[in-house]
Amino acid sequence: MKLERLNLVENNALINGAWTQEASGRVFPVLNPADGTLLTEVADCGAVEAKAAVDAANKAFPLWSGKLHKERAQLLRRWFDLLMVHREDLARLISSEQGKCMAESRGEVDYGAAYVEWFAEEAKRDYGDVIPEPLKDRKVIVIRQPVGVVACITPWNFPIAMIARKIAPALAAGCTVVCKPAEDTPLSSLAIAKLAEEAGIPPGVINIVPASRQRAAEVVDVWLADGRVRKLTFTGSTPVGKHLARESANTLKRLSMELGGNAPFIVFDDADLDAAVEGALVAKFRNSGQTCVCANRLLVQDGVYDAFAAKLALAVAKLKVAPATDPDAEQGPLINEKAIAKVEDHVQDAVSKGAKVLLGGKRHALGGNFFEPTVLIDVTTEMKLCSEETFGPLAPLFRFKTEAEAVALANDTPFGLAAYFYSKDLGRVWRVAEELQVGMVGINEGRISTEVAPFGGIKESGYGREGSKYGMEDYQYIKYLCMGGLGDPTN
Ligand code: SIN
């Protein structure tokens, strides 16, 4: 890891403004997924540190929530500025521990920082309401208040963006946070927490508690049981999300769940095929297919199936697979062996049931966690890749005949995060957009993620929205004030 500022690599937890070792000095390794080499070791926290983090966040809450909205906005803005100053180092950290190519890592720093900037601005527009009174002598007012301490549990696929888009609205609303970054990628979140401190965000407002896969549950269990933690926000798999939701019931925490997806990407006969290929490259191969909004099933209408398949295979074949140290890299390694094994299993299962490999289909010659960008044709709904999220660089092409069939196929999943479709017919655009059972729809567009729009799903993809003008609401209670006795006593 070649960083301009070496001390952005932090190995300890951040608790109450102090960089803290695990009580007995226990650590866990952070590996480079491109070659399995050891990057560094990080404090492997447990129940003691988890509780200390809640104590700190709880203590900091009155001070932080008592600040003027404008003061919180200024501190968040300063944090954003520092994220931008250290953009290149942060991108290197992401690439080192997560594997994505540098262009995508730079994009992720910008994307994560944009949430901080956005919520710095939103903090100042935290309006309440005045409701027309039902009786002459009173006023009815609604104010928004921070929920309190928030637990943030974040994934490895966007180690900066996912934690930034939870911490920024929480802080803007006046909450304090305890965060557990993913085991594979703790360094990026520790680095941005260091920059938050330097921006002047007070001790205890942001606490980061890294833990290994073996100890993660110990940390999270403390937060689930602690009634002072008033909200939990999680990005990750649906089974883990369901577990967290069940366990949060004892203390009735507020919840935001950004869970698994199974996004359809539909190409209709009337689509601009070149635009659809361009969109598919982004929607499918961004982060080597490791995003929850990645197109998982490409549904292509009969009339353009062969032409689209050929064009897509041609474009995918040009993607350069290489470690992030190669400046021309476009597709990096997957996060670990388990991820590779899943893609391999999906390909083998599909081929055994009649799918044909148009491109790729096996582990890459680079070895390790690299997999060839793959296009499969003649894919059917009996194959595992239809019902399971592949989370890798595999584009399976299903064939359909009618619009109704495409919509039925698209909705035939318990998940409902994102969907994409390509069509030039305005009537169809409105019909299909309304019929798709998802939280987000890309229409003639493969890149939908932005801080200005509400990110989140429906069905078993979860609930809550991140980003946009709605994003702060998830961290607030609304309180109704009934002010009486306002009538004129002389009347
Ligand atoms: C995710 O994969 O969880 C988020 C992807 C995004 O924000 O675009």
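One rule links them: number in our numbering = place in the sequence shown (from 1) + 106.
Cβ atoms here follow ideal geometry from the backbone N, Cα and C, with glycine treated the same way.
From a predicted model like this one, the values you see are computed outputs, not experimental measurements.
Cα-Cα separation, residue i to residue j
i           : j           : result
residue 407 : residue 301 : 49 Å
residue 193 : residue 304 : 15 Å
residue 188 : residue 182 : 10 Å
residue 146 : residue 349 : 31 Å
residue 272 : residue 412 : 42 Å
residue 152 : residue 325 : 5 Å
residue 392 : residue 217 : 14 Å
residue 496 : residue 235 : 45 Å
residue 380 : residue 421 : 10 Å
residue 462 : residue 442 : 26 Å
residue 478 : residue 467 : 6 Å
residue 512 : residue 372 : 7 Å
residue 313 : residue 337 : 15 Å
residue 475 : residue 279 : 40 Å
residue 268 : residue 306 : 22 Å
residue 376 : residue 351 : 43 Å
residue 491 : residue 502 : 8 Å
residue 113 : residue 142 : 23 Å
residue 388 : residue 133 : 37 Å
residue 404 : residue 335 : 41 Å
residue 543 : residue 331 : 34 Å
residue 533 : residue 549 : 13 Å
residue 140 : residue 439 : 5 Å
residue 159 : residue 276 : 16 Å
residue 459 : residue 232 : 55 Å
residue 333 : residue 281 : 15 Å
residue 509 : residue 286 : 43 Å
residue 485 : residue 505 : 8 Å
residue 283 : residue 545 : 26 Å
residue 219 : residue 535 : 32 Å
Other residues of its chain near residue i: CB distance less than 6 Å, five sequence neighbours each side excluded
i           : result
residue 365 : 344, 347, 567 and 568
residue 291 : 203, 204, 262 and 265
residue 339 : 258, 272 and 362
residue 587 : 247
residue 201 : 208, 211 and 430
residue 547 : 525 and 539
residue 328 : 153, 156 and 157
residue 554 : 546 and 548
Beta-carbon contacts of residue i that lie in its chain and below 7 Å, excluding the five residues immediately before and after
i           : result
residue 237 : 246 and 248
residue 128 : 149, 150, 151, 152 and 155
residue 541 : 513
residue 117 : 146, 147, 148 and 149
residue 382 : 373, 414 and 528
Assumed close pair residue i, residue j - CB separation to whole angstroms, cut-off 8 Å
i           : j           : result
residue 179 : residue 229 : 4 Å
residue 386 : residue 552 : 6 Å
residue 109 : residue 195 : 5 Å
residue 163 : residue 310 : 6 Å
residue 317 : residue 298 : Wrong, their Cβ atoms sit about 18 Å apart, outside the cutoff.
residue 184 : residue 107 : No, residue 184 and residue 107 are not in contact; Cβ-Cβ is about 26 Å, not under 8 Å.
Own chain residues within Cβ distance below 8 Å of residue i, not counting five before or after
i           : result
residue 590 : 243 and 244
residue 558 : 224, 573 and 574
residue 469 : 446, 450, 476, 477 and 478
residue 96  : Examination of residue 96 is not possible in this model, given that the chain is present from 107 through 597 alone.
residue 136 : 144, 145, 146, 147, 148, 203, 290, 291, 292 and 293
residue 426 : 432, 434, 435, 436 and 437
residue 570 : 339, 361, 362, 363, 364, 562 and 580
- Task: Could you pull out every unbroken alpha helix (DSSP H) segment of at least 4 residues lying fully inside the segment 375-458, listed in chain order?
- Result: 379-391, 411-423 and 443-458, all fully within the segment 375-458.
- Query: Does the segment 577-587 come within contact of the segment 252-263, defined as at least 3 CB pairs closer than 8 Å?
  - Reply: Short answer: they touch.
- Fully enclosed by the segment 190-222, which alpha helix (DSSP H) runs are 4 residues long or longer? Every unbroken stretch of the alpha helix (DSSP H) spanning 4 or more residues and falling wholly within the segment 190-222 is given here in chain order: 193-204.
- Inside the segment 487-515 only - alpha helix (DSSP H) runs reaching at least 4 residues: Assignment of alpha helix (DSSP H) within the segment 487-515, counting only whole runs of 4 or more residues, yields 490-493 in chain order.
- Report yes or no: do three or more beta-carbon pairs, one from the segment 312-322 and one from the segment 351-369, lie closer than 8 Å? As far as the Cβ criterion goes, the segment 312-322 does not touch the segment 351-369, which means the pair count is below three.
- Task: Determine, using beta-carbon pairs with one atom in the segment 153-168 and one in the segment 120-134, whether at least three such pairs fall under 8 Å.
- Result: With contact defined as three or more Cβ pairs closer than 8 Å, the segment 153-168 and the segment 120-134 are in contact.
- Message: Taking contact to mean 3 or more Cβ pairs, one atom from each stretch, closer than 8 Å, check whether the segment 483-498 and the segment 449-457 are in contact.
- Response: The segment 483-498, when compared against the segment 449-457, does touch it at the 8 Å Cβ threshold.
- Is the segment 428-436 touching the segment 515-526 in the sense that three or more CB pairs, one from each, lie closer than 8 Å? With the cut-off at 8 Å, the segment 515-526 and the segment 428-436 do not touch.
- In the segment 519-574, which residue ranges form an unbroken alpha helix (DSSP H) of at least 4 residues, counting only runs that do not cross its ends? Taking only runs of at least 4 residues, the alpha helix (DSSP H) segments lying wholly in the segment 519-574 are 532-541.
- Query: On the three-pair Cβ rule with 8 Å, is the segment 171-178 touching the segment 205-214?
  - Reply: With the cut-off at 8 Å, the segment 171-178 and the segment 205-214 do not touch.
- Message: Could you tell me which whole alpha helix (DSSP H) segments of length 4 or greater appear in the segment 275-329?
- Response: You should have 292-305.
- Runs of alpha helix (DSSP H) wholly within the segment 127-171 (minimum 4 residues, chain order): Within the segment 127-171, no complete alpha helix (DSSP H) run reaches 4 residues.
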